[in-house]
Every structure is written in structure tokens, then in C-alpha cells.
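Asker: Protein chains in written order, with the working numbering: chain C, 32 to 227; chain U, 56 to 876.
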Amino acid sequence: MGVLFWEQQSLLLISDVHLGKISHFRKYGAAVPQVALLKNYTALDAAVAFFNPKTICFMGDLFHSAMNSEWKLFQEWTAQVRGKIILVSGNHDIISPLKYEEMGIEVVDQLILNGFLLTHHPQDGGDLFNISGHIHPAVRLRGSGRQSVKLPCFFRSPQQLILPAFGEFTGNHVLKPNKRDTVYAITENEVILVAN
Amino acid sequence: MNNDQLYQLAKNWFHAQDWKPFAFQKQSWKAFLQGKNGLLNAPTGSGKTYALWFPIMLNYLKQNPKYKTTHKKGLKAVWITPLRALSHEIKQSAERVNEDLGTGLTVGIRSGDTSAKERAQQKKNMPDLLITTPESLQLLLSSKGYDKTFKNCSAIVVDEWHELLGTKRGVQMELGLSRLKTIAKDLRIWGISATIGNLDQAREVLLGPTSKALQNSVLIKANLNKKIKVKSIIPKEMETFPWRGHLGIRLLEDVIPIINKSKTTLLFTNTRSQCEIWFQKILEKHPEYAGEIAMHHGSINKETRIWVEQAIRRENLKAVVCTSSLDLGVDFAPVETVVQIGGPKGVARFLQRAGRSGHRPGKESVIYFLPTHAIELVEASALQQAVKLKAVEDRIPYLNSFDVLIQYLVTLAISDGFYPDQIFKEVTDTFCFQALSKAQWTWLLNFIVLGSQSLQSYDEYKKVEVESDGRFVVHHRGIAMRHRFQIGTIVGDANLSVRYQRGGYIGTIEESFISKLTPGDVFTFAGRNLEFIRIRDMQVHVRNSTKKTRKVPSWMGGRLTLSAQMSRLLRNELYSVYKDPAQQSSEIKALHPLFEQQGLESAVPKPDEFLIETFKTRDGYHHIFYPFEGRFVHEAMGSLLAYRISLLLPVTFSLAFNDYGFELLSDQEVDMQQVLDNDLFSTAYLLEDLQKSLNSTEMARRKFRDIAVISGLVFTGYPDKGIKMKHLQSSSQLLFDVFREYESDNLLFQQAFTETFEHQLEEGRLRLALERIARQEILWKACNNPTPFSFPIITDRLREKLSSEKLADRIKRMSAKLMRK
Numbered sequence: 032m033g034v035l036f037w038e039q040q041s042l043l044l045i046s047d048v049h050l051g052k053i054s055h056f057r058k059y060g061a062a063v064p065q066v067a068l069l070k071n072y073t074a075l076d077a078a079v080a081f082f083n084p085k086t087i088c089f090m091g092d093l094f095h096s097a098m099n100s101e102w103k104l105f106q107e108w109t110a111q112v113r114g115k116i117i118l119v120s121g122n123h124d125i126i127s128p129l130k131y132e133e134m135g136i137e138v139v140d141q142l143i144l145n146g147f148l149l150t151h152h153p154q155d156g157g158d159l160f161n162i163s164g165h166i167h168p169a170v171r172l173r174g175s176g177r178q179s180v181k182l183p184c185f186f187r188s189p190q191q192l193i194l195p196a197f198g199e200f201t202g203n204h205v206l207k208p209n210k211r212d213t214v215y216a217i218t219e220n221e222v223i224l225v226a227n
Numbered sequence: 056m057n058n059d060q061l062y063q064l065a066k067n068w069f070h071a072q073d074w075k076p077f078a079f080q081k082q083s084w085k086a087f088l089q090g091k092n093g094l095l096n097a098p099t100g101s102g103k104t105y106a107l108w109f110p111i112m113l114n115y116l117k118q119n120p121k122y123k124t125t126h127k128k129g130l131k132a133v134w135i136t137p138l139r140a141l142s143h144e145i146k147q148s149a150e151r152v153n154e155d156l157g158t159g160l161t162v163g164i165r166s167g168d169t170s171a172k173e174r175a176q177q178k179k180n181m182p183d184l185l186i187t188t189p190e191s192l193q194l195l196l197s198s199k200g201y202d203k204t205f206k207n208c209s210a211i212v213v214d215e216w217h218e219l220l221g222t223k224r225g226v227q228m229e230l231g232l233s234r235l236k237t238i239a240k241d242l243r244i245w246g247i248s249a250t251i252g253n254l255d256q257a258r259e260v261l262l263g264p265t266s267k268a269l270q271n272s273v274l275i276k277a278n279l280n281k282k283i284k285v286k287s288i289i290p291k292e293m294e295t296f297p298w299r300g301h302l303g304i305r306l307l308e309d310v311i312p313i314i315n316k317s318k319t320t321l322l323f324t325n326t327r328s329q330c331e332i333w334f335q336k337i338l339e340k341h342p343e344y345a346g347e348i349a350m351h352h353g354s355i356n357k358e359t360r361i362w363v364e365q366a367i368r369r370e371n372l373k374a375v376v377c378t379s380s381l382d383l384g385v386d387f388a389p390v391e392t393v394v395q396i397g398g399p400k401g402v403a404r405f406l407q408r409a410g411r412s413g414h415r416p417g418k419e420s421v422i423y424f425l426p427t428h429a430i431e432l433v434e435a436s437a438l439q440q441a442v443k444l445k446a447v448e449d450r451i452p453y454l455n456s457f458d459v460l461i462q463y464l465v466t467l468a469i470s471d472g473f474y475p476d477q478i479f480k481e482v483t484d485t486f487c488f489q490a491l492s493k494a495q496w497t498w499l500l501n502f503i504v505l506g507s508q509s510l511q512s513y514d515e516y517k518k519v520e521v522e523s524d525g526r527f528v529v530h531h532r533g534i535a536m537r538h539r540f541q542i543g544t545i546v547g548d549a550n551l552s553v554r555y556q557r558g559g560y561i562g563t564i565e566e567s568f569i570s571k572l573t574p575g576d577v578f579t580f581a582g583r584n585l586e587f588i589r590i591r592d593m594q595v596h597v598r599n600s601t602k603k604t605r606k607v608p609s610w611m612g613g614r615l616t617l618s619a620q621m622s623r624l625l626r627n628e629l630y631s632v633y634k635d636p637a638q639q640s641s642e643i644k645a646l647h648p649l650f651e652q653q654g655l656e657s658a659v660p661k662p663d664e665f666l667i668e669t670f671k672t673r674d675g676y677h678h679i680f681y682p683f684e685g686r687f688v689h690e691a692m693g694s695l696l697a698y699r700i701s702l703l704l705p706v707t708f709s710l711a712f713n714d715y716g717f718e719l720l721s722d723q724e725v726d727m728q729q730v731l732d733n734d735l736f737s738t739a740y741l742l743e744d745l746q747k748s749l750n751s752t753e754m755a756r757r758k759f760r761d762i763a764v765i766s767g768l769v770f771t772g773y774p775d776k777g778i779k780m781k782h783l784q785s786s787s788q789l790l791f792d793v794f795r796e797y798e799s800d801n802l803l804f805q806q807a808f809t810e811t812f813e814h815q816l817e818e819g820r821l822r823l824a825l826e827r828i829a830r831q832e833i834l835w836k837a838c839n840n841p842t843p844f845s846f847p848i849i850t851d852r853l854r855e856k857l858s859s860e861k862l863a864d865r866i867k868r869m870s871a872k873l874m875r876k
């Protein structure tokens, strides 16, 4: 899973966490191991501890479903975060903004910052460079000997950067880069530039 | 009436038809009326339905002597058939006897095709004799008060039991029977099976290995000795006959005289796409057959299939191109000749197909074998031996299918609920769950109630609830409804229905094919050229097109493996190359040019030799091994060897395999001498190594998909409205990863591996094959070019992969290639 840290702004961008998805499945009788949902929080903790950002910006699809029992966990997690939290809301974010605002989370449709347009869905930002999520981008690499491997990635085109999905249990979508695109693939320990 | 009077009734009926009952029919009547259970081994078209319908009815007459005036209400017998298509045939034969004997019994069908209205009526008033499928029987168990429905049922007949035996539908059947044994006090259980290698075991599975039912049972064999003649179609010009391929179209003109010579010919193909192509090509080359040939496969709509079946019976058709969809059931007397296109992969299947022709008594069955590529002629030659020896395969029953058991328990919880102690006893009486431990049972109960093994915080898991008296029930209506939809999905294929835009159902098609099309594309399906318009609500909308196309949907089901017996016979045929030509079959003789070429480029192995070839092409370095053991064993041996080599050096392989051998393809050369020196074919640590190699290959993951669906971990959606199958696939994949990381002791997760070992990789056979290789001398040939033997393997595009390299290293090499595009 990957995040983007904007050092100058001390802003941590995290996209498509899909909290609550596992609880949602369980509520409808599909026994996905419940321990798996904790992984999202340990990963969030690790990212926050590493960058120590002033602001955390979730790029949409933070909470996967309607309100369920996992909301409490999320509340507890938010309470111990020191920085400010912003949510750029996405298609899955159907929980009322008031609920977020109660917890001090600012909910917006988009965010314009220093020539950058932050949205959930990829958008044509005109002069602004667009940073988005939503797609869960991945890249498929092929080698000789008929080898192939699929990896989640940061997908950059001239005026746009699509962030990888952060959440566990979310899946991804393979994009085919063309000549003007840059792809940074995510492996266990490093982010590797694979095409530019 | 006493039993003798009843037999007389049956005999008289046969006389009235100008028939004479066979010994096996009389034996079945007698055993049934004595209250025995049994397995009847009889082929299609032998009169097996009369062997069991009769005693069922006679038993009713015995119980109810006043049958002419008073009719006793309620279900008396259930006839289970794995194929819905057969139910009408079975119903007709029952009605015929019913009418002639004046029993006053009613016959009804209940299957996925039965209308909701009719089903509701049946629920109120069951027919006396019910014909249904395993799935519909499970659905009956999910309705309230099912015990009353079955209380007075006197017989359950499971038709085509051999078809169910090696499948999870068979397990579903075992569980259903375990329940019915308890609630129906005077029940006889009968199976009908074609010839398979393990008939005794088939009876054990049907009745329960330690049950009273088994003690009180018989095995009756029809023993109708039938002559079968196998003729191979040998290409006239062997030199130009292709080394690879799977269609066989090149020999089309050789089939025409065969079709012309007989009244009706069935052409059996191995896959539906092959079926479509053959049908298309025959019409293209011989338009004079228009209206006289037809096509029959499982994805074509029911009406068309029934029309074709009736046309065969009325002798209106010269030829029918078909798949295994015509393997079972109905008798087609007019069929004189059968052509098998491509290797049938199993002796039993081949015999069954051969038996489709020449049904008239005393007539010989003739079956032609048409090879799709050169080496398949060896298989043709081996098949002749197999037919002579009647070397029929076993059907291996499943053990501990936890997914099916979970589904069954929820089914019971939906209807009247269940008490675990009682059901545990019934379940452990079945063959499948005879070794189920108390701990596993507790695990399963926890799974359906808590969704885990302990109570967890923040959890809203809801499925089965436990009432204060210990009864397990489902209260939630949504859960019950979703579960009922899930019951039918045990075969779990990702199919979409194909319709014209203005309605009109054409058939079903795999989503994987459709997903590659864009609107406007034209493809061939059900013998027509169709333009793809869109997908909506699990339906593919199309319109007729006049454009020509080469796109034909493929169905994944066609990949079968050679059985152990066939593999052995195949090797023997191959070794006969070194025999005196007078002792060689005509197929082997015809292959001489190919063997010569093979000998020139590499070698044809002798019985004490194990052939390995290495060469380089544009694709990379090929390492090819020839155990001749069948696809599944090769898949296992390939991943085992790849794993063991990967321990010696960081390397990435892509694996391909067919029935003759397997290939490890890499972008670097493997030092074969090192492989041989390290004794990598050893049987030591076999299971451990296989397990580790499995983590890298993805077999268990694929098995898990069905397990997740059957056990209700993922929901396939409502018919025509559900989530896309692709979505389902990916969430079962995600689930697999989650289990692997967090809950690897999950029984369903482990089941994926057990199934892979027992049913996919055939670990037992693998071990024997490795022991054989250990006794053989290794014949390693470093070749300059691809050899005739290697051709069908290296051109296979369906591949597995295994790697021991660092991901980052692989990516660096691959990204170089990505950029060049």
C-alpha cells in the first residue's frame, strides 16, 4: 500500500482505505476474518508515525459502507491522531458529513492547494495538476519467458497523478501506460519506477 | 397381492409390449420388493428405468390393495437425475407404466425449469412420484415442514450416480440422503450407475460405509455384452499433418463419407467452441447439408436442444455435432455411427459414446476416432487396447467437503432448524464425513453462528442463531433468501445469458469471453453470427449479423486429464515404435515420419528411458520433460520440479503442460546436469515441497473460489440481477489472501489445499510416477529446434508461474520490455 507525503505542506495523502468493508461483509453473513480489519489501522498508524504530518488528507472512499460497528474503531483511531484530518469525499462515502464533523474532520468535495486540485475521481483540472484516487491503479509487467506480474502503483500522466488504494481487501484495476505516463510500482519494501 | 403375483403383473406388461424382461430387471424388482437397497450397474438405453419404476409402483399396489378405487395421497418416491434435460424422458416412461397398470399415481417434475406457480402447487400437494435434481432436493430440505413431505416416501432412486460420485453434487446428495433416512421410516435407496472402476465403493458412498442400509443392499449388474469397434481416421498425408492443434478441421473431408454412409452420425467434440467451429465448417464446405445437420451443447437453449433430440429420434438429421451434453440419458435408436474428434481422455467416456450407436440388439457399435494432431494417433491406438481390456477409470469421491456441509447446515437451519447432536450422528454416517472429528464439528458450528472461532468485539456477524433449547435456526429472511439462491450454484460457472435485444434467449456464455469483446464485435454462437451490443443485468444483448468472424467463445470446462490406465496404455503404444512393424498398430505405422523427425532432432524414448529436451527459441529457454502421465500429474510434477530448481538458483519459470509432458520456460538457461546431479525427481519430502510450490502456483486459490461460493463466503448474486462474476472472482481471491495471512487454520482455507492435492494433483499418482522415473535412465537431449513431441506443449498459452527471484530484480528486467512498446 502506498501514500503520498507533501513535505512542504506537511500533508499526508491517503486514498481509498475502504474502512468498514470487512464488517459490512460479516454483517451479511460472509465470515471474513475480523482480525483483518485491524490491519488497516496498524498500517495507518505506521504511515502517520513515519511522516508525522500536520494534516492528513483522505482522498475519498474512506468508509466503505453505511454506518456499522467499525465506526467506533475509527472514532477511537481519530481521537488519538494529533494532526488535522480532511476528507475529500468519494462515491463510497455515504455517511453524513455531520458525523465526520462531530469528530473534527473537515469534509470537502475537492481541495485546491498551490496549483494542485485534489479530488476523489480523476478529473481534468485545467491548469491545475489533479491528484486523485478511486481507480485502485495497478500495472501488469511482462518479461521474456512468458512472465508476468501485477502490482499496485502510482500512475502519473502529464497533468494527473492517481494514488494507489491504501486499504486491505480492496482489489485493484490494471491500467496500461502510454508514452507520456509514468508508473511507480509498489513492492514489499520499495516503490520502483517502471516506466517513464 | 403377494410378490409373485406382482412380478406376474410386470411380466405381463412386458409381454404386452412384445418385450422380454432382462435378468437384471427381474433381479431389481425382486430385491426392491424384499425391501433391499442397491446399486444397479446398467448402461444408458438398457431399460434401466423400468428396472426401478416397476417395483416402486408394485410396492404401492401391495401397500394399497384398493388402489383402483382409493388413492393414497403424498410423496411415494423420488427419482433424482443430475441433468434436468433427462427428466421428461423419465417421466414419460413412468406415466406409460402407470397408465397401463391403472395405478392412479401422479408423476411430477421439480427442477430449476419448474414455474413458481407449479412449485407452490407441489408444496401443497406433492405428486406421488417426483422427478428432481440434487439441487432441487436440497431446496425441498430448506422449506418448513419438509419432514412431513418425505415421511411416507418409500424409495429414492439416484440416476447416473457415476456422474455425481466424483463431484460436490455427490456430497450434497449424500447429505440429503442422510437426513431422509431418518425421517422416512420405510425407505429404499437405489443408485443407477454406468460402468466405472470402483462400483463397490460407489455403493458404499450412496448408502453410507457403516450403515445398516449398506448391509441390507445388493449390487446388480446388467452385463449386456456389447461389441465395440474402434476405427481411427488416419490422415492420408502424414507428412503435412500438423504437430499441434485441437480442432481437427483438417480431416473434415474424411468425415463426409462416414456421414453419408449412415442414417444418423453423432460427432462428439471435447469443447463447446470446437463444437461450434465444426458445425460452422461443415456447413461452409458442404452447404448441401443445410437443414440436415444440427448442433447440441450445454450452452444452447433448452428448446433448441429438445428439438435436436427429437429430430434425431424422428431420423430427420444426417449428423449432429455435440459435446458431452449428449453423453447421458435418452436413447437414440437411429444413431448408427459415432465419431470422436480429439482424445476423449477417458475410457469410460469413450465407451459410453461408442455405445450411442447401434442400439438395436445384436448390432455392433462403431466409433471413429479423429485425431486433432499427430501425436494423438498414439492415443487412438491406446484407446483400442483400452476398449479391448475394458480398462475403465475410478470416480474418486470427495472426503470432508466442509463447504458443502456448511451449506447443508444452513439449509437445515432455514427450514425447521436442527439439533447438532442428532445431525452430527447422521452426517458422520456418510462416506464423505466418516472421519469428521468432534473438534471440526465444533469449528463448523462456530463458523455458521459466530463467523469465527471466538466472540469478537465490534462484530455484527449474523447468520445462524442458537435458541435457548439448543436448536440452530436462521431467523433473518434476507439471509434465508440469499442462501436459497446459493444452493443451485454448487457447479459455480461464470455464465451470462445471451439474448436478442427484443427478447429471445439463445444460450449461456462465459463472462471471460464476453469481457474481451467491445460493442460491435461479431462472434459465432449457437451456429449464428451475432453482434455484441452490450451487457446488462447479467445478460448479453446481441443482434444477428451477416459479417464473417473467427471469434468463437471458449469454455474452460474442456481441460481433462488422461487416467492412470490410459497413460500406461499410451506409453506402451509409444514404446511399440521399437517393435517389429508387423506387431504395430496402423496408427503407429502412420506416425513413422513423425517418429523419424523426432529421432533426428531428439529421440523417441524406450521403456527404460525418461526423455528430457532443452532448446532455445525467441520465447526463452525451454526445458521439456516427458513422463506421459496425463495433464494433472504433469502440472504437479512441473511445479514440484520448478520449486526444487528454484532452491538451487534464483529463477522464474512459466509452466505449461499437456497429457504427454510439461515444460519449464525461463529467461535463463537451467543447468540440466545440476538438476540431475541433485536428484530433483526424488520422492523424499514430496508433500512438503509440493505444498511450498503450491503457494507460488495458484491452484489452491482457484479451488478456493468454488469453496467460497458454496460455503456462502461470497454471494454470487440474484439470477439476472447479481453482481458481476468478475467481482465475485476478485473478492474470493482477496478472501483467500486474507485467510492466508490471518486465519490459515480455517478449515475452508485448508480444504482448498486438500482438494488440490487429492483431486487436482493426484498426489498418489505423482508418487508412483516419480518412482517409475527413478528406475528409468535419463535421456537428456540438447536440441537445436523444437521437436515434434514438444510442439503441442510449447505453444500452449495457459500457463502457471513460479519464482524464487527478488521481485525488484524481475521488475527491472521487465520494465525494460514495457517501455519498448
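The beta-carbon is built from N, C-alpha and C at its ideal position, and this holds for glycine as well.
Name the two residues that bound the continuous alpha helix (DSSP H) containing U:G693.
Answerer: As a first step, residue 693 of chain U is located in the second sequence; it is residue number 638 there, counting from the start. For U:G693, the enclosing alpha helix (DSSP H) begins and ends at 686-703.
Asker: Distance, Cα to Cα, U:N58 vs U:G525?
Answerer: On the second sequence, position 3 is the one that residue 58 of chain U refers to. On the second sequence, position 470 is the one that residue 525 of chain U refers to. Taking the straight line from one Cα to the other gives about 46 Å.
Asker: U:A366 to U:L372, Cα distance in whole Å?
Answerer: Looking up residue 366 of chain U in the second sequence gives position 311. Looking up residue 372 of chain U in the second sequence gives position 317. Whole-angstrom Cα-Cα distance: 6 Å.
Asker: So, at 8 Å on beta carbons, what are the nonlocal neighbours of U:R554 in its own chain, with the 5 sequence-adjacent residues on each side left out?
Answerer: Within the second sequence, numbered from 1, the residue matching residue 554 of chain U stands at position 499. Counting only Cβ-Cβ distances below 8 Å, and skipping sequence neighbours, we find Y560, I561, Q594, V595, H596, V597.
Asker: Helix, strand or coil: how does DSSP classify U:H143 here?
Answerer: For the purposes of this step, residue 143 of chain U is identified with residue 88 of the second sequence, where counting begins at 1. Look at U:H143 here: in three-state DSSP terms it is helix.
Asker: Are the C-beta of C:P168 and some C-beta of chain U separated by less than 7 Å?
Answerer: Working through the first sequence from its first residue, we reach residue 168 of chain C at position 137. Under the Cβ distance rule, C:P168 does not count among the residues neighbouring chain U, no pair being separated by less than 7 Å.
Asker: Report the partner residues of U:T563 according to the DSSP bridge assignment.
Answerer: For the purposes of this step, residue 563 of chain U is taken as residue 508 along the second sequence, with counting starting at 1. Answer is U:S552.
Asker: Could I get the ranges of all uninterrupted alpha helix (DSSP H) runs contained in the region 334-390 of chain U, with 4 residues as the minimum, in chain order?
Answerer: 357-368
Asker: Where U:V529 and U:K240 are concerned, what is the direct C-alpha to C-alpha distance, given to the nearest angstrom?
Answerer: Residue numbering aside, residue 529 of chain U sits at position 474 when the second sequence is read from its first letter. Residue numbering aside, residue 240 of chain U sits at position 185 when the second sequence is read from its first letter. Cα to Cα, U:V529 sits roughly 27 Å from U:K240.
Asker: So which residues on chain C does U:V769 lean against when the C-beta distance must stay under 8 Å?
Answerer: The count along the second sequence starts at 1 and reaches residue 769 of chain U at position 714. Ordered by position in chain C, the residues that pass the 8 Å Cβ test against U:V769 are A61.
Asker: Let me check understanding here. Comparing Cα to Cα, which of U:L696, U:T672, U:D674, U:K671 lies closest to U:F885?
Answerer: Nothing about residue 885 of chain U can be read from this structure; chain U reaches only from 56 to 876.
Asker: Using 10 angstroms around the beta-carbon of U:G303, count the other beta-carbons present and answer buried if the total reaches 16, otherwise exposed.
Answerer: If you number the second sequence from 1, residue 303 of chain U lands on position 248. Flag for U:G303 reads buried.
Asker: Counting C-beta neighbours from all protein chains within 10 Å, is the total for U:F323 16 or more, i.e. buried, or is it exposed?
Answerer: Along the second sequence, one-based indexing puts residue 323 of chain U at 268. Under this definition U:F323 is a buried residue.
Asker: My assumption, with CB atoms under 8 Å, is that U:R299 sits in contact with U:H428. Please give the rounded CB distance.
Answerer: Position 244 of the second sequence, counting from 1, holds the residue named residue 299 of chain U. Position 373 of the second sequence, counting from 1, holds the residue named residue 428 of chain U. At roughly 5 Å, the Cβ-Cβ gap stays under 8 Å, so U:R299 and U:H428 are in contact.
Asker: For U:M780, would you say it is in contact with chain C, using Cβ-to-Cβ distances shorter than 7 Å as the test?
Answerer: Against the second sequence, residue 780 of chain U aligns to sequence position 725. With a pLDDT of 43 at U:M780, under the threshold of 50, the predicted position of this residue should be treated as unreliable, though the coordinate-derived value follows. Not closer than 7 Å to any Cβ of chain C, the Cβ of U:M780 fails to qualify, so no.
Asker: Reducing DSSP to helix, strand and coil, say where U:G898 ends up.
Answerer: Lying before the first or after the last residue shown, residue 898 of chain U is absent from chain U, which here runs from 56 to 876.
Asker: May I have a chain-ordered list of the alpha helix (DSSP H) segments no shorter than 4 residues that lie completely inside the region 92-151 of chain C?
Answerer: 101-110, 128-133
Asker: Quick check: what's the CA-CA separation for C:T150 versus C:L43?
Answerer: Residue mapping note: residue 150 of chain C aligns to position 119 of the first sequence, counting from 1. Residue mapping note: residue 43 of chain C aligns to position 12 of the first sequence, counting from 1. Approximately 14 Å between the Cα atoms of the pair.
Asker: Which two residues bound the contiguous alpha helix (DSSP H) that contains U:R258?
Answerer: Residue numbering aside, residue 258 of chain U sits at position 203 when the second sequence is read from its first letter. For U:R258, the enclosing alpha helix (DSSP H) stretches over residues 254-262.
Asker: Which residues in chain C sit within 9 Å of U:T466, going by Cβ to Cβ distance?
Answerer: Counted from its first residue, the second sequence places residue 466 of chain U at position 411. Residues of chain C passing the Cβ test: none, with the nearest at roughly 14 Å.
Asker: Do three or more CB pairs link the region 222-239 of chain U to the region 472-490 of chain U at distances below 8 Å?
Answerer: yes
Asker: Cα-Cα, which of U:V730, U:L242, U:E690 is closest to U:L702?
Answerer: For the purposes of this step, residue 702 of chain U is identified with residue 647 of the second sequence, where counting begins at 1. The residue with the shortest Cα to Cα distance from U:L702 is U:V730.
Asker: Going by Cα to Cα distance, which pick from U:P290, U:F791, U:H341, U:L381 is closest to U:R360?
Answerer: In the second sequence, residue 360 of chain U corresponds to position 305, counting from 1. For U:R360, the closest alpha carbon among the candidates U:P290, U:F791, U:H341, U:L381 is that of U:L381.
Asker: What residues from chain U crowd round C:G164, counting only those whose CB sits closer than 7 Å?
Answerer: The sequence position of residue 164 of chain C within the first sequence is 133, counting from 1. Within 7 Å Cβ-Cβ: nothing; C:G164 doesn't reach chain U, min ~18 Å.
Asker: Just to confirm the assignment, what range does the beta strand (DSSP E) spanning U:W835 have?
Answerer: Against the second sequence, residue 835 of chain U aligns to sequence position 780. 832-837 is the span of the beta strand (DSSP E), which, as asked, contains U:W835.
Asker: Specify the secondary structure class of U:H677 as computed by DSSP and reduced to three states.
Answerer: Taking the second sequence and counting its residues from 1, the one referred to as residue 677 of chain U is at position 622. Strand.
Asker: Mind checking if C:V48 is an interface residue toward chain U, Cβ cutoff 7 Å exclusive?
Answerer: Residue mapping note: residue 48 of chain C aligns to position 17 of the first sequence, counting from 1. For C:V48, the answer is no, since every Cβ of chain U falls outside 7 Å of its Cβ.
Asker: Got a sec, what are the start and stop residues for the alpha helix (DSSP H) U:V482 sits in?
Answerer: Here residue 482 of chain U is taken as the residue at index 427 of the second sequence, counted from 1. Taken as a continuous stretch (DSSP letters only), the alpha helix (DSSP H) holding U:V482 covers 475-483.
Asker: Can you confirm whether C:G202, when its beta carbon is compared against all beta carbons of chain U, has any partner nearer than 7 Å?
Answerer: The residue labelled residue 202 of chain C in the question sits at position 171 within the first sequence. Yes, C:G202 lies at the interface with chain U (some Cβ there is under 7 Å from its Cβ).
Asker: Looking at the secondary structure, which residues open and close the alpha helix (DSSP H) in which U:K644 lies?
Answerer: Start at 1 with the first residue of the second sequence, and residue 644 of chain U comes out as number 589. Its alpha helix (DSSP H) spans residues 641-645.
Asker: Determine the chain U residues that contact C:Q65 at a beta-carbon separation under 7 Å, and present them in chain order.
Answerer: Position 34 of the first sequence, counted from the start, is the residue given in the question as residue 65 of chain C. Against chain U, the beta carbon of C:Q65 has neighbours under 7 Å at S507, Q511, D514, listed in chain order.
Asker: What are the residues in the region 173-207 of chain C lying within 7 Å of chain U by C-beta distance?
Answerer: R173, G174, S175, G176, R177, Q178, V180, F200, G202
Asker: Take U:P636 and list the residues in its own chain whose beta-carbon comes closer than 8 Å to its own, dropping the five residues that flank it on each side.
Answerer: Start at 1 with the first residue of the second sequence, and residue 636 of chain U comes out as number 581. Answer for U:P636: K644, listed in chain order.
Asker: So, for U:I289: in the same chain, excluding its five sequence neighbours on each side, which residues have a beta-carbon less than 6 Å away from its beta-carbon?
Answerer: Your numbering for residue 289 of chain U matches position 234 in the second sequence. Within the same chain, and ignoring the five residues on either side of U:I289 in sequence, the residues whose Cβ sits closer than 6 Å to its Cβ are A645.
Asker: Would a check of beta-carbon distances place C:R211 closer than 7 Å to chain U?
Answerer: Counting from one through the first sequence, the residue named residue 211 of chain C turns up at place 180. No, no contact with chain U.
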